[in-house]
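Novice: Handing you this structure, nothing more for now.
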């Protein structure tokens, strides 16, 4: 029978002891930072791609379509390897370590962020487009009739309304993003899962260690779900609209106490 | 009847809108056929006609929400939406079009208020972001306009907290905030419950005393009280262009009579 190593399990779960290990500490920071940066990149790229897809200018539309087609049609893992090793071997970009003050961002981490962000942009494009299309066409017309240019009308009138439609799936995307960062392990980018894998390589306790890693991801995604529910509730409340489903409602699927 | 005194001098007033041989197609459908039109300063022109006759399209061409296929439309002496190069129409830059639209107020059938902004913010939005009016001044102007449409107490309400009639009055105030030289109304009362039509028409009647207006509407009471001219549009052409009294009492064309018999019941 397998002897479960409780001491080891707790050591790499309890933050005070686990974070003493620099691999875990840096891994956790990297996972959170990469998730946030790549998601922001994805939103920005997705916005441009969505506008491109909706553009009247043919080449812009084709470019946006090609981008979405490629990055949704190929595996992220392959994209990551292609970017990191492909750009490296062709010397287009060698991914040198970047020194930002006290921080060192290693090349693999840069490649991971880029791959995750660019890939996410392709998915966000559809989400942003759906959000923009959900806004009544009369809004753009009214804005234009008041002398607004397309850009101003987008920024001030359409996107703030589209945000209500975009933010719930965006939250889900971020939840996925935190888990998808684990793919960076294949290019040794040093995120949280990589840390546990490295420790496992030394100690060979996969059950305990990967359980610890799972719990860390579970905590991150659960905390995010709370934050997401708060954000969405705030969105719904602002103009006396109906409230959006809250956290527990979302978790369980029905309103507590409802028939 | 109310505005006959104005009519006498309207011919001398500057031309605000001038359309020359305007043609417009939706695919193979010829929606506007060689439209010629002149609207003078302070004139109030009502456009009536069956649905699908092209009356709303004509209105929307005047602020270039719709493109035209040939002809010219001038607003305050400047061609709108296009410039001419070698005798061909070339669409103007976005910035120039936006600048011209800023001078033309438009009120829509479905109000199209900005639902994420309060009533006062709806009115301040364009002055602040298009005209770069300082915020305090824009707010003071907005409050004055709210008073004018009788909705001072609703300034902090969001559109979905207002009735249709109130929303349309805010929409009128929003258009007026840009100090336009021309107001276009696209069936401003047809999405309203009957009991709310009066409050919107009252605001429009007040406005008609001092504003150049083109109104697509079947509100004949309003036409009688406020209009200098009434156009009957059918199948993309202006069939009659006369005073409201003349049109109601002596319609020249059979299809005008037929149409009037349907809406005046």
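Residue numbers (our numbering), protein chains in the order written: chain A, 1 to 259; chain B, 260 to 524. Each residue gets a CB set at the ideal place from its N, CA and C atoms; glycine is no exception.
#1: Kindly say whether residue 112/A, judged by its beta-carbon, lies nearer than 8 angstroms to any beta-carbon of chain B.
#2: Say whether chain A places a C-beta atom closer than 8 angstroms to the C-beta of residue 358/B.
#3: Residues in the region 130 to 159 of chain A with C-beta within 7 angstroms of chain B's C-beta atoms, listed in sequence order?
#4: Hey, is the region 490 to 506 of chain B in contact with the region 306 to 321 of chain B, meaning 3+ C-beta pairs nearer than 8 angstroms?
#5: Locate the beta strand (DSSP E) running through residue 303/B, then write down its first and last residues.
#6: Taking 8 angstroms as the threshold (C-beta atoms), are residue 148/A and residue 389/B in contact?
#7: Could you give the DSSP three-state label for residue 325/B: helix, strand or coil?
#8: Based on DSSP bridge pairs, tell me the residues matched to residue 282/B.
#9: Inspect the beta-carbon positions of residue 476/B and residue 505/B and report whether they are closer than 8 angstroms.
#10: Going along chain A in order, which residues have a C-beta closer than 8 angstroms to the C-beta of residue 324/B?
#11: Among the candidates 372/B, 484/B, 457/B, whose CA atom is the shortest distance from the CA of residue 432/B?
#12: Buried or exposed: residue 313/B, going by 16 or more other Cβ atoms within 10 Å of its Cβ?
#13: Under a Cβ-count criterion, where at least 16 other Cβ atoms within 10 Å of its own Cβ denotes burial, should residue 270/B be classed as buried or exposed?
#14: Let me see if you follow: with CB-CB separation under 8 angstroms, is residue 374/B close to chain A or not?
#15: Find the residues of chain A that neighbour residue 385/B, judging by a C-beta separation of less than 7 angstroms, and give them in chain order.
#16: Among 430/B, 357/B, 478/B, 436/B, which one has its Cα closest to the Cα of residue 449/B?
#17: Quick one, are the C-beta atoms of residue 70/A and residue 111/A less than 8 angstroms apart?
#18: Name the residue from 225/A, 46/A, 229/A, 193/A whose alpha carbon lies nearest to the alpha carbon of residue 117/A.
#19: Ordered along the chain, which non-local residues of its own chain (more than five positions away) have a Cβ less than 6 angstroms from that of residue 262/B?
#20: Grouping DSSP H, G and I as helix and E and B as strand, with all else coil, what is residue 67/A?
#21: Cβ closer than 7 angstroms: which chain A residues qualify as neighbours of residue 437/B?
#22: Are the beta-carbon atoms belonging to residue 415/B and residue 377/B less than 8 angstroms from one another?
#23: Would you give the residue range spanned by the alpha helix (DSSP H) that residue 114/A belongs to?
#24: At the 8 angstroms Cβ level, is residue 161/A part of the contact set with chain B, yes or no?
#25: From the DSSP secondary-structure annotation, give me the bridge partner or partners of residue 338/B.
Specialist: Taking the definition as stated:
#1: Position 112 of the first chain, counting from 1, holds the residue named residue 112/A. Cβ-Cβ to chain B under 8 angstroms: no for residue 112/A.
#2: Residue numbering aside, residue 358/B sits at position 99 when the second chain is read from its first letter. For residue 358/B, the answer is yes, since a Cβ of chain A falls inside 8 angstroms of its Cβ.
#3: 138, 139, 141, 142, 144, 145, 146, 147, 148, 149, 150, 152, 156, 157
#4: yes
#5: In the second chain, the residue the question calls residue 303/B occupies position 44. That run of the beta strand (DSSP E) goes 303 to 307.
#6: As a position in the second chain, residue 389/B is number 130, starting the count at 1. As a position in the first chain, residue 148/A is number 148, starting the count at 1. Taking 8 angstroms as the Cβ cut-off, residue 389/B and residue 148/A qualify as a contacting pair.
#7: For the purposes of this step, residue 325/B is taken as the residue at position 66 of the second chain. Looking at residue 325/B - three-state DSSP - the assignment turns out to be coil, as it is neither helix nor strand.
#8: To locate residue 282/B, count along the second chain from 1; it is residue 23. Note: residue 282/B sits in a beta bridge opposite 329/B.
#9: Residue numbering aside, residue 476/B sits at position 217 when the second chain is read from its first letter. Residue numbering aside, residue 505/B sits at position 246 when the second chain is read from its first letter. Not in contact: residue 476/B and residue 505/B (Cβ atoms no closer than 8 angstroms).
#10: In the second chain, residue 324/B corresponds to position 65, counting from 1. Going along chain A in sequence order, the residues near residue 324/B (Cβ under 8 angstroms) are 141, 144, 145.
#11: In the second chain, counting from the first residue as 1, residue 432/B sits at position 173. When each option's Cα is compared against that of residue 432/B, the closest is 372/B.
#12: Locating residue 313/B in the second chain gives position 54, where the first residue counts as 1. Residue 313/B comes out buried.
#13: Against the second chain, residue 270/B aligns to sequence position 11. Flag for residue 270/B reads exposed.
#14: Counted from its first residue, the second chain places residue 374/B at position 115. So yes, residue 374/B belongs to the interface.
#15: What you label residue 385/B is simply residue 126 of the second chain in a count that begins at 1. Residues of chain A passing the Cβ test: 146, 147, 148.
#16: Locating residue 449/B in the second chain gives position 190, counting from the first residue. Nearest C-alpha to residue 449/B: 478/B.
#17: Translated into the one-based positions of the first chain, residue 70/A becomes position 70. Translated into the one-based positions of the first chain, residue 111/A becomes position 111. No, these two residues do not count as a Cβ contact at 8 angstroms.
#18: One-based indexing of the first chain puts residue 117/A at position 117. The option with the nearest alpha carbon to residue 117/A is 46/A.
#19: One-based indexing of the second chain puts residue 262/B at position 3. With a pLDDT of 47 at residue 262/B, under the threshold of 50, the predicted position of this residue should be treated as unreliable, though the coordinate-derived value follows. So the qualifying residues of the chain are 487.
#20: Here residue 67/A is taken as the residue at index 67 of the first chain, counted from 1. Residue 67/A falls in the helix class under three-state DSSP.
#21: By 1-based counting over the second chain, the position of residue 437/B is 178. By Cβ distance, chain A contributes 146, 147.
#22: As a first step, residue 415/B must be located in the second chain, where it is residue number 156. As a first step, residue 377/B must be located in the second chain, where it is residue number 118. Yes; because the gap between Cβ atoms is below 8 angstroms, this pair is in contact.
#23: As a working mapping, residue 114/A is identified with position 114 in the first chain. Note, residue 114/A: alpha helix (DSSP H), 107 to 134.
#24: Counting from 1 along the first chain, the entry for residue 161/A is found at position 161. By this cut-off, residue 161/A is an interface position.
#25: What you label residue 338/B is simply residue 79 of the second chain in a count that begins at 1. Looking at the DSSP assignment, residue 338/B forms a beta bridge with 333/B.
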